[in-house]
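Residue 501 is where the sequence shown ends in full-length UniProt numbering, and the numbering goes up by one at each step. Glycine included, C-beta positions come from ideal geometry on N, C-alpha and C. Keep in mind that this is a model prediction, so the values were computed, not measured. This report refers to the structure that appears directly beneath it.
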Amino acid sequence: MANIWLLSLLFLICILLAFFNHKKRRKYYQQPPSPPGFPIIGNLHQLGELPHQSLWTLSKKYGPVMLLKLGSVPTVIVSSSETAKQALKIHDLHCCSRPGLAGPRELSYNYLDIAFSPFDDYWKEVRKLAVQELFSTKQVHSIQPIKDEEVKKLIDSIAESASLKTPVNLNKTFLALTVSVICRAAFGVSFEVTVLNSDKFNKLVREALEMLGSFSASDFIPYIGWIIDWFTGLQARRERSVRDLDAFYEQMIDLHNKEEKEKGSEDFVDLLLKLEKEEAVLGNDKLTRNHIKAILLNILLAGIDTSSITMTWAMAELARNPRVMKKVQSEIRNQTGNKSMINLDDIDQLHYLKMVIKETWRLHPPAPLLMQREVMSEFEINGYKIEPKTQLHVNVWAIGRDPTTWKDPELFLPERFMDSDIDVKGKNFELLPFGSGRRICPAMYMGTTMVEFGLANMLYHFDWKLPEGMVVEDIDMEEFPGLTVSKKNELLLVPVKYFDH
Numbered sequence: 001m002a003n004i005w006l007l008s009l010l011f012l013i014c015i016l017l018a019f020f021n022h023k024k025r026r027k028y029y030q031q032p033p034s035p036p037g038f039p040i041i042g043n044l045h046q047l048g049e050l051p052h053q054s055l056w057t058l059s060k061k062y063g064p065v066m067l068l069k070l071g072s073v074p075t076v077i078v079s080s081s082e083t084a085k086q087a088l089k090i091h092d093l094h095c096c097s098r099p100g101l102a103g104p105r106e107l108s109y110n111y112l113d114i115a116f117s118p119f120d121d122y123w124k125e126v127r128k129l130a131v132q133e134l135f136s137t138k139q140v141h142s143i144q145p146i147k148d149e150e151v152k153k154l155i156d157s158i159a160e161s162a163s164l165k166t167p168v169n170l171n172k173t174f175l176a177l178t179v180s181v182i183c184r185a186a187f188g189v190s191f192e193v194t195v196l197n198s199d200k201f202n203k204l205v206r207e208a209l210e211m212l213g214s215f216s217a218s219d220f221i222p223y224i225g226w227i228i229d230w231f232t233g234l235q236a237r238r239e240r241s242v243r244d245l246d247a248f249y250e251q252m253i254d255l256h257n258k259e260e261k262e263k264g265s266e267d268f269v270d271l272l273l274k275l276e277k278e279e280a281v282l283g284n285d286k287l288t289r290n291h292i293k294a295i296l297l298n299i300l301l302a303g304i305d306t307s308s309i310t311m312t313w314a315m316a317e318l319a320r321n322p323r324v325m326k327k328v329q330s331e332i333r334n335q336t337g338n339k340s341m342i343n344l345d346d347i348d349q350l351h352y353l354k355m356v357i358k359e360t361w362r363l364h365p366p367a368p369l370l371m372q373r374e375v376m377s378e379f380e381i382n383g384y385k386i387e388p389k390t391q392l393h394v395n396v397w398a399i400g401r402d403p404t405t406w407k408d409p410e411l412f413l414p415e416r417f418m419d420s421d422i423d424v425k426g427k428n429f430e431l432l433p434f435g436s437g438r439r440i441c442p443a444m445y446m447g448t449t450m451v452e453f454g455l456a457n458m459l460y461h462f463d464w465k466l467p468e469g470m471v472v473e474d475i476d477m478e479e480f481p482g483l484t485v486s487k488k489n490e491l492l493l494v495p496v497k498y499f500d501h
């Protein structure tokens, strides 16, 4: 009888252990919370025109790790600095691949994404080439004379508007500045030579970014998605955008093929064309014309648009916050004195200006959803299982507005960085305008110096007033959708010349 009771007790213990182990495993392997969706489309209908804002709203209910079904594609959204750290630092190696895209969009997407999977030796070498030849600190400093010339032209142009007391469209002004600098620095040609109609070129850039940032049905709904894209007109717009971009690259390449340059005067395009002619092998593949165009698009769109929209957002926030505007201008003018141009050495001393730019990136990151990643091997975030083939997005726009990280997150308050060591180099996950990990933007230093240099000189040479009859409350901060998010409506401010040189 005693043996029977002992066996029964052991059997009961085994059952209890099995139950608790099962419960523990179930908790350990639970999937992230997910909002309810519809058959076939899943949660696609919940994204809205500005997906980063829609996802931010959903994350308030479902948490900083959220699983969505975008058509047939499982997608995890992380929306806090802690979960971003887990994805981009601790588990970076598990999710640094990129998802393939369907149809003609694949070509345009490949153009943009120079930072391919780090396991691909070819793209590792291409990225290294781009960094060494274009984005290095030495190279950025070597193109400073180009920046000086283009900013000087801009100041002279704005001075004419100041004398006439007419508003300046800062959206177009900053875009023209960055286009001019990038075209001369990277492509060796002036903006006027490359593009005869600046408005047409600006439209080309904006359309390409909107298409690359759009959520396409063919990417998420098998078999019938392309019909939806065709019916909505998205397919035709994508194909037209790719054709227009391709024509632009061919024009750029033709200009270089017709020119004979002295040794030592070659630009980045010349270098790539030389490698193509020599049938250079990078990794296991040859450098082809399409790969050259992919790199050029990365430079063209990522370099031009992100810098220009950051400067526009910064000026919009300064116009809405006269106290901050006065403080940053006082710093610039007191620090530099009466000079014809602010230089890089001066900028190193402009600590409050750097805080203004950080605060702009917090509220208005150029790419609010970092480039999507594809999970290659299983890992966990906050105890939730993230499975292979899942797409992963980091909502840096939401992180910048997280009240658990930032006090009064909706206020534009550069002083929050006064005694803070938070920077934008990808190590502080509260602020990720350039991303982090293996996919961090290789042109981070180039973009930062462009924004600092452009803003410093605009704020140094001119005071800025609202157009007649307009008040601060009239400045709207609506966003324009796309891969990068710019100010939807034009920012018009009246320049008042401060120095006469």
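Under 7 Å between C-beta atoms of residue i and residue j
i: H158; j: V181; result: Sequence check: residue 158 is Ile here, not His. Cβ atoms of I158 and V181: not closer than 7 Å.
i: M355; j: P414; result: yes
i: T360; j: A319; result: no
i: A84; j: V78; result: yes
i: L455; j: R362; result: no
i: V151; j: N457; result: yes
i: E378; j: Q391; result: no
i: D305; j: T166; result: no
i: P39; j: L67; result: no
i: A162; j: V472; result: no
i: F412; j: N321; result: yes
Reference residue i; option with closest CA among the options
i: M470; options: N334, S377, Q53, L492; result: L492
i: K200; options: L154, A176, D219; result: A176
i: K358; options: F215, G400, K203; result: G400
i: G71; options: G48, F220, S216, K277; result: F220
i: R237; options: H256, S214, N257; result: S214
i: P366; options: L301, P495, S142, T137; result: L301
i: D144; options: R373, R438, E239, M446; result: The displayed chain sequence assigns Gln, not Asp, to residue 144. Out of R373, R438, E239, M446, M446 has the C-alpha closest to the C-alpha of Q144.
i: residue 509; options: Q46, K497, W464; result: This structure does not reach residue 509, given that the chain is present from 1 up to 501, and the question cannot be answered.
i: K128; options: L459, P442, I155; result: P442
i: N395; options: I386, P368, Q335; result: P368
i: G37; options: V73, W56, D419; result: V73
i: D229; options: M211, E410, L245, D244; result: M211
i: R206; options: R323, D244, G482; result: G482
i: K60; options: P409, A398, D346; result: A398
i: V168; options: D463, D474, D476, E266; result: D463
i: V451; options: P403, G303, N284, R243; result: G303
Three-state secondary structure assigned by DSSP to residue i
i: I221; result: coil
i: E387; result: coil
i: F19; result: Because F19 carries a pLDDT of 49, less than 50, the predicted location of this residue cannot be relied on, and the following value inherits that uncertainty. Looking at F19 - three-state DSSP - the assignment turns out to be helix.
i: D484; result: The sequence shown places Thr at residue 484, not Asp. Looking at T484 - three-state DSSP - the assignment turns out to be coil, as it is neither helix nor strand.
i: N343; result: coil
i: L296; result: helix
i: V168; result: strand
i: W464; result: strand
i: H393; result: strand
i: K497; result: strand
i: M418; result: coil
i: P51; result: helix
i: I399; result: helix
i: L282; result: strand
i: I90; result: helix
i: R98; result: coil
i: M315; result: helix
i: I304; result: helix
i: G42; result: strand
i: V471; result: coil
i: V356; result: helix
i: T57; result: helix
Own chain residues within Cβ distance below 6 Å of residue i, not counting five before or after
i: G426; result: S436, I440
i: Y249; result: K293, L296
i: R289; result: none
i: S486; result: I309, F480
i: T312; result: L170, N171, F174, K487, L491
i: G48; result: S54
i: V131; result: P442
i: S34; result: L67
i: V269; result: F187, H256
i: H364; result: W313
Same chain only: Cβ atoms within 8 Å of residue i, ignoring 5 sequence neighbours per side
i: G225; result: G71, A102, S216, A217, S218, D219
i: H141; result: L344
Cutoff 7 Å; reference residue i; Cβ partners in own chain excluding five residues on either side
i: H94; result: V375, M376, S377, F379
i: P64; result: V78, S79, S80, T83
i: T137; result: Y445
i: L58; result: P35, Q46, M66
* Asked: Which ranges does the alpha helix (DSSP H) cover as unbroken runs of at least 4 residues, wholly within the segment 121-166, from first to last along the chain?
  -> 121-130, 137-142, 144-164
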